[in-house]
Amino acid sequence: MRLLSYNNTGSFSLTDYPRDTDIPSYAILSHTWGLEEVTYKDLEQGIGQRKIGYKKIRFCGERARRDGLRYFWVDTCCIDKSSSAELEKSIRSMFLWYRNATKCYAYLEDVSRPATQDSDRHDNPHWKLQFEQSRWFTRGWTLQELIAPKTVDFYSQEETRLGDKESLEQIICDITNIPARALRGVPLSHFTTSERMAWAKGRQTTIPEDKAYSMLGIFETHMHLMYGEGEESAQKRLQEEIAKDQKGSRHEEFSVPFSLHGVPEIAHFVARGQELDEMRDKLRSDGSRRVVILHGLGGMGKTQLAIEYMKRHKDNYSAVFWLNIKDENSLKQSFARIAHQIKRQHPSDSRVSSLDIQENPDETIDAVNTWLNLRSNSRWLLVYDNYDNPKLPSNKDPTAINIQEYFPKSYQGSIIITTRSSQVKIGHAIRMLKMQNLEDSLAILSSTSKREGLINDPDAVNLAKQLDGLPLALATAGAYLEQTSTTFESYLRLYKDSWEQLQITSPELHSYEDRTLYSTWQLSFDQIQRQNKHSAALLQLWAYFDNQDIWLELLQSYREHDLYWIHEITEDEITFNHTIRTLSTYGLVEPELAAELLEYYLERWLPSGEAYEFMTQPTITPPATLAQSMHNITLRAGVIGSHHIDKESKQSGKVIERTEGCKNILSPYTDEDRARIEIQTETAWDLSSLGPVTMTCNQIIICDSRTTRNGAVHKGTKSTIYSVTEQNRHLERAVPWIRDDLNGKVFGIELSAFHSGTMNIAPISMRNDGRVG
Numbered sequence: 001m002r003l004l005s006y007n008n009t010g011s012f013s014l015t016d017y018p019r020d021t022d023i024p025s026y027a028i029l030s031h032t033w034g035l036e037e038v039t040y041k042d043l044e045q046g047i048g049q050r051k052i053g054y055k056k057i058r059f060c061g062e063r064a065r066r067d068g069l070r071y072f073w074v075d076t077c078c079i080d081k082s083s084s085a086e087l088e089k090s091i092r093s094m095f096l097w098y099r100n101a102t103k104c105y106a107y108l109e110d111v112s113r114p115a116t117q118d119s120d121r122h123d124n125p126h127w128k129l130q131f132e133q134s135r136w137f138t139r140g141w142t143l144q145e146l147i148a149p150k151t152v153d154f155y156s157q158e159e160t161r162l163g164d165k166e167s168l169e170q171i172i173c174d175i176t177n178i179p180a181r182a183l184r185g186v187p188l189s190h191f192t193t194s195e196r197m198a199w200a201k202g203r204q205t206t207i208p209e210d211k212a213y214s215m216l217g218i219f220e221t222h223m224h225l226m227y228g229e230g231e232e233s234a235q236k237r238l239q240e241e242i243a244k245d246q247k248g249s250r251h252e253e254f255s256v257p258f259s260l261h262g263v264p265e266i267a268h269f270v271a272r273g274q275e276l277d278e279m280r281d282k283l284r285s286d287g288s289r290r291v292v293i294l295h296g297l298g299g300m301g302k303t304q305l306a307i308e309y310m311k312r313h314k315d316n317y318s319a320v321f322w323l324n325i326k327d328e329n330s331l332k333q334s335f336a337r338i339a340h341q342i343k344r345q346h347p348s349d350s351r352v353s354s355l356d357i358q359e360n361p362d363e364t365i366d367a368v369n370t371w372l373n374l375r376s377n378s379r380w381l382l383v384y385d386n387y388d389n390p391k392l393p394s395n396k397d398p399t400a401i402n403i404q405e406y407f408p409k410s411y412q413g414s415i416i417i418t419t420r421s422s423q424v425k426i427g428h429a430i431r432m433l434k435m436q437n438l439e440d441s442l443a444i445l446s447s448t449s450k451r452e453g454l455i456n457d458p459d460a461v462n463l464a465k466q467l468d469g470l471p472l473a474l475a476t477a478g479a480y481l482e483q484t485s486t487t488f489e490s491y492l493r494l495y496k497d498s499w500e501q502l503q504i505t506s507p508e509l510h511s512y513e514d515r516t517l518y519s520t521w522q523l524s525f526d527q528i529q530r531q532n533k534h535s536a537a538l539l540q541l542w543a544y545f546d547n548q549d550i551w552l553e554l555l556q557s558y559r560e561h562d563l564y565w566i567h568e569i570t571e572d573e574i575t576f577n578h579t580i581r582t583l584s585t586y587g588l589v590e591p592e593l594a595a596e597l598l599e600y601y602l603e604r605w606l607p608s609g610e611a612y613e614f615m616t617q618p619t620i621t622p623p624a625t626l627a628q629s630m631h632n633i634t635l636r637a638g639v640i641g642s643h644h645i646d647k648e649s650k651q652s653g654k655v656i657e658r659t660e661g662c663k664n665i666l667s668p669y670t671d672e673d674r675a676r677i678e679i680q681t682e683t684a685w686d687l688s689s690l691g692p693v694t695m696t697c698n699q700i701i702i703c704d705s706r707t708t709r710n711g712a713v714h715k716g717t718k719s720t721i722y723s724v725t726e727q728n729r730h731l732e733r734a735v736p737w738i739r740d741d742l743n744g745k746v747f748g749i750e751l752s753a754f755h756s757g758t759m760n761i762a763p764i765s766m767r768n769d770g771r772v773g
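Mapping of the sequence shown onto the UniProt record's numbering: residues 1 to 773, in sequence order.
Below you can see the structure in the form of C-alpha cells.
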C-alpha cells in the first residue's frame with residue numbers, strides 16, 4: 001500500500017508500505033473521477049497542481065490533519081496504473097483498504113452547500129435533492145466505498161460536512177435500496193448473492209469489465225483481471241468464483257436444485273434480522289460441521305425462521321434438505337424424499353440409484369448419509385424440523401428420537417434443528433423469544449389482515465400490545481380480521497371477553513402466552529362455525545391426522561358408513577374446495593398444488609401440542625362423557641386410506657404415515673389389548689405386527705372398532721368412521737373391557753405424555769351434543 005502525507009514544503013510525499021508491514025492509521029477519499037485527475041507520475045514528477053483533481057487531494061489531506069491523521073490515500077495518485085500487476089493487486093486489495101481506514105471522506109462535487117448553512121440540519125430541500133441525485137450514488141466503484149468503511153463522512157463541493165452514513169442512513173437506504181444492516185457493518189456473508197447483486201443494479205463504470213471487478217470485495221472473492229474480455233465474460237467468471245467460494249470447488253458434483261416443495265412456508269413471515277445474522281455467523285464455516293438449534297415455545301416462528309434462512313442463503317450451499325422429525329416415520333419419509341432428489345439430479349450415483357426407496361427405508365437413510373459423508377461433499381445444509389420429542393433422560397416416551405443417530409457421521413456440513421425443548425444440547429442454541437418491538441408485531445398484523453397504516457391506528461396498536469409479540473396469535477388475529485368487517489376495536493373487545501372466559505373455565509392455563517393463543521383461536525373457531533358448519537366439522541375430524549395432508553379422493557374412499565356431512569362435502573370438487581377455502585382464509589389450512597392433484601394440509605406453524613390443550617378446554621367443549629371418549633379413541637385409531645392407491649402412487653407415503661400414526665396412538669396398550677383391535681381388508685394385517693415402514697400402498701389400513709369381547713372381527717367392513725349414535729351404542733355394548741382405560745388415555749396424562757404432538761380438535765364435537773358436524 002502506498003500512502004500520501006504532507007512534507008515540509010507543503011506539498012505531498014508518497015510512502016510505500018510493503019505487504020506484512022505495519023500500516024499507520026490513515027484517511028481515505030471516496031469520489032467520482034473527472035477529466036483532470038492527478039496521477040502517480042504527476043506526484044513523482046512534482047507536477048499536477050494545476051489539474052482540477054488536485055483540489056480533492058488537498059481536501060483529503062487537510063481533513064485528515066484536522067482529524068489527527070498524518071497519512072491518507074487517494075486512488076488517482078497512490079496507484080501506479082502503468083503497472084498492470086500493481087493495478088490488479090490494488091483492485092483486489094481496495095475493499096480491505098477502505099474497511100481498514102480510520103476515516104473515509106466522500107467528496108460530492110455535484111452537491112452545493114455553503115459553509116454558512118447549519119451543518120447539523122438536513123432539512124434543506126435544495127442540498128437534499130442534489131444529494132439524492134448525486135453522481136456518486138450511480139458509480140460502480142463507490143458501492144464498496146460506501147459499505148466497506150466503518151464510517152463515511154459526506155462533504156459538499158464547498159467542503160461543508162453534510163453528515164455521515166449513520167446520520168444520513170435513511171436517505172442513503174432510500175437512494176440505494178441497500179438495507180441499513182449492510183451500512184452498519186453486518187458481515188456481507190449474511191446477505192444473499194442476489195441481494196448483493198441488486199445493490200449494484202443501475203450503477204455504471206467507465207470500463208465495462210469493472211462492473212464485475214468492482215464487486216470482488218462485496219463478495220469477498222478474488223479473480224484475475226482480464227481487461228478486454230468484455231462485461232459478460234467478466235460477470236460469468238465472477239459468478240463462478242462466488243459459487244466456488246460458497247459451495248466448494250467441486251460443488252457441481254454434489255449440487256441439488258433448491259426446492260421448497262413440501263416445506264410449510266407462509267407468506268407473512270416477518271424477518272428476524274438479529275436471529276438470522278446470528279444463524280449465519282454460527283453456520284459459516286470452511287465445510288466443517290456447524291449446528292444451530294432454534295428452541296422456544298410453539299408458535300414463536302422457529303420453523304419459519306429456518307425457512308427464511310434457507311431462502312436467503314441457499315446459494316451458500318450445494319444442497320439444502322428439509323426433514324420432518326416429529327416422529328420416526330415422518331423422518332423416514334423425509335429421507336425418502338431426499339433420496340428421490342439426489343437420484344433425479346445424480347442418476348449415476350450407485351449409492352442411491354439402485355435403491356427401492358419406498359420399500360427399504362433403513363437402507364435409504366444409510367445411502368443418503370453415505371452420500372452426505374463423501375469427503376468433498378461438505379457444503380450441504382440439513383434442517384431437522386419439529387424435534388419436539390427428543391430422547392433425553394427425563395423423557396420416558398418410548399417413541400422419543402435420538403436425532404444424532406440420523407446425522408451423517410462425517411464432521412462436515414451445516415445443520416439447523418427446531419425444537420420446543422431447551423434441553424437439546426448439540427450445537428449453538430438460539431432461543432426464540434416474542435417479537436421485541438411493536439413495529440414487528442404490527443407488520444404481522446398488517447400482512448395477515450391486509451390492512452395498512454396500523455401504526456396510526458390506536459386500536460391496532462392496542463391489539464398488538466395485548467397479543468404481546470406472539471407471532472401465532474398475531475397471525476391468527478390478522479387472518480380473522482381479513483375475512484370479516486370487524487374493526488380492531490371490536491376484535492379487541494371480543495378478545496378480552498374470550499380471555500375472561502378462559503380465566504373462569506380454564507384456570508389450569510397458567511402462562512400468559514397460552515391464554516393469549518387460546519383466546520385468538522377461540523374467536524377464529526367460533527367464526528368458522530358461524531360461517532360454514534361443514535368446514536368446522538372437517539376441522540374437528542382433520543385434527544386426528546396430526547397435521548397430515550388430506551385430499552378429496554381420500555375422503556371419497558369411504559362412503560358406506562360415513563358421517564352425513566362427509567357425503568355432502570365430497571359430492572364434487574367444487575363443494576369440497578369451498579369447504580376447505582373457509583379454513584384456508586382463516587390461516588388454518590394451506591393448499592399445495594401438486595403435479596397431479598390439489599392437496600391440503602393443516603398449517604404446520606399451528607403448534608399441534610398447544611392446539612390439543614386448547615381444544616380440550618371447557619370453554620370449547622364440556623367434559624367428555626364415556627361414550628364420547630369411546631368415539632374419540634375410535635377416530636384416533638382409525639386411519640382413512642384409499643382402496644384406489646397403487647404402489648407407485650405419490651400418495652403412498654401419506655397412507656403409510658397414517659398407518660404408523662394409528663400404531664403409535666395405540667402403543668400404550670398391552671399386547672392383549674392390541675390383539676383385540678385388528679386392521680382388516682383383504683391385504684391388511686394385525687396392527688400389533690406392524691414394524692418399520694415396509695408396507696405397500698395397497699395394504700390399506702382400516703381400524704375397525706366393531707370388535708366383540710372375544711376379539712372376533714366382522715369381516716368385509718370397509719368403514720372407519722360411523723355415526724356417533726351407532727358408534728356409541730356399539731362401543732357401550734362391545735368393549736366394556738377398555739372403558740375406564742380409554743377415558744384416561746384420551747383426556748388424561750397418558751395421552752399427553754405419549755402424544756404431545758397430536759392436534760386433538762375433535763373434542764369440539766361435544767359442543768354439538770356429541771355429534772361431529
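C-beta atoms are modelled at their ideal positions from N, C-alpha and C, and glycine is treated no differently.
Taking just the CA atoms, how far does residue j sit from residue i?
i	j	result
ASN437	SER446	15 angstroms
ILE172	TYR71	28 angstroms
ARG493	GLU278	39 angstroms
GLU482	ILE580	17 angstroms
ALA306	THR418	8 angstroms
PHE576	THR570	6 angstroms
LYS282	SER167	30 angstroms
ILE23	ARG139	28 angstroms
residue 777	LEU69	Residue 777 lies beyond the residue range present for the chain, which begins at 1 and ends at 773; the question has no answer from this structure.
ARG674	ARG337	Low per-residue confidence applies at ARG674: pLDDT is 44, beneath 50, and the placement is therefore not dependable, though the value from the model is reported in the following sentence. Rounded to whole angstroms, ARG674 to ARG337 spans 32 angstroms at the Cα level.
TYR309	HIS295	15 angstroms
SER156	LYS41	28 angstroms
LEU470	PRO125	41 angstroms
SER194	GLN239	11 angstroms
SER25	ARG284	30 angstroms
Which partner residues of residue i appear in the DSSP bridge assignment?
i	result
LEU384	Note that residue 384 is Tyr in the sequence shown, not Leu. In DSSP, TYR384 forms a bridge with LEU323 and ILE417.
ILE401	PRO390
ARG135	None; ARG135 has no bridge partner.
GLN412	SER288
Just verifying my parser: in three-state terms, what is the DSSP assignment at residue i?
i	result
TYR6	strand
PHE95	helix
HIS313	helix
VAL291	strand
THR15	strand
MET1	coil
THR246	Before going further, note that residue 246 is Gln rather than Thr in the sequence given. In the structure shown, GLN246 sits in a helix (DSSP, three-state: H, G or I).
GLN358	coil
VAL270	coil
VAL263	coil
ALA115	coil
ASN369	helix
Between residue i and chain D, is any beta-carbon pair separated by less than 9 angstroms?
i	result
VAL292	The displayed structure is made up of one protein chain only, and chain D is not part of it.
Point to revise | Cβ contact check for the region 407-417 and the region 372-392: 3 or more pairs under 8 angstroms | key: yes
Check your understanding: In chain order, which continuous runs of the beta strand (DSSP E) of length 3 or greater are located wholly inside the region 150-223?
Key -> 153-155 and 161-164
**Study point:** Ranges of the beta strand (DSSP E) found wholly within the UniProt domain "Heterokaryon incompatibility" (26-112), counting only runs of at least 3
**Key:** 26-30, 71-73 and 103-107
Point to revise | Validate contact between the region 51-68 and the region 176-186 using beta carbons, cut 8 angstroms, 3 pairs | key: no
Review point. Are there three or more Cβ pairs, one per stretch, closer than 8 angstroms when the region 197-211 is compared with the region 78-89?
Key: no
Check your understanding: At a cut of 8 angstroms, does the region 5-15 reach the region 37-56 through at least three beta carbon pairs?
Key -> yes
Exercise for review: Answer yes if the region 470-488 comes into contact with the region 524-537, meaning at least three C-beta pairs across the two stretches below 8 angstroms, and no otherwise.
Suggested key: yes
Practice item. Please determine if the region 298-314 and the region 356-364 are in contact, where contact requires at least 3 C-beta pairs separated by less than 8 angstroms. Key: no
Point to revise | alpha helix (DSSP H) segments (min. 4 residues) lying fully within the region 423-482 | key: 438-449 and 458-466
Check your understanding: How about the region 278-293 and the region 450-459: do they share at least three Cβ pairs that are nearer than 8 angstroms?
Key -> no
Exercise for review: Examine the Cβ distances between the region 319-326 and the region 456-470 and report whether three or more of them are shorter than 8 angstroms.
Suggested key: no
Review point. For the 8 angstroms Cβ check, are there 3 or more pairs between the region 342-361 and the region 385-396?
Key: no
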